[in-house]
Structure formats: structure tokens, C-alpha cells
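All residue numbers for the sequence shown refer to numbering that gives the first Met the number 0, where the first residue is 0 and numbers rise by one.
Idealized CB from N, CA, C, for every residue including glycine.
Treat the numbers as computed from the prediction; the structure is a model and nothing was measured.
Please read the structure below before turning to the comments.
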Amino acid sequence: MKKVLFVLALSFFVTANYAQTAPAKKEMPVTALKDHVCTDACKNGTHMFAHGEKGHVCTDECKK
């Protein structure tokens with residue numbers, strides 16, 4: 000009888016453990032992108048966008 004009650008209690012606690020929901024993920028705030036300002040690197044209509052400017056696409060070099 001003790002084994003039956005032990006298994007019943009154990010199954011209750013295991014079931015209750017899996018019934019918990021995961022905490023909600025916090026969303027990262029969206030940063031506002033700045034307008035592009037041409038620099039000396041921009042030549043002949045070819046723009047070099049800096050990180051954080053509209054039109055910039057991050058590359059492996061940018062992520063370093």
C-alpha cells in the first residue's frame with residue numbers, strides 16, 4: 000500500500016512540474032535607425048552606410 004501511495008504522489012509531482020508554463024520572453028526594444036549622412040567614403044553615387052543607418056546591412060565585419 001505504501002508503494003502505491005508513493006507512486007501516486009510521485010506521479011502527481013512529476014505531472015505538476017510539467018504543467019508549469021515557461022516565463023514570457025522579453026522583447027528587445029526596436030532601435031530607431033538614423034538617416035544616412037554621406038561621408039568621404041561615399042563616392043560617385045555609391046553610399047557606404049554606417050551601422051545604425053537606414054540602408055545598412057550587417058556583415059561579418061560589422062559584427063566583430
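Boundaries of the alpha helix (DSSP H) around residue 14: 1-17. DSSP lists no beta-bridge partner residue for residue 53.
Counting C-beta pairs with one atom in each stretch, the region 8-24 and the region 34-42 have fewer than three that are closer than 8 Å, which means they do not touch.
Taking 8 Å as the cut-off, the Cβ atoms of residue 32 and residue 52 count as close. Comparing alpha-carbon positions, the option among 50, 5, 8, 11 lying closest to residue 30 turns out to be 50.
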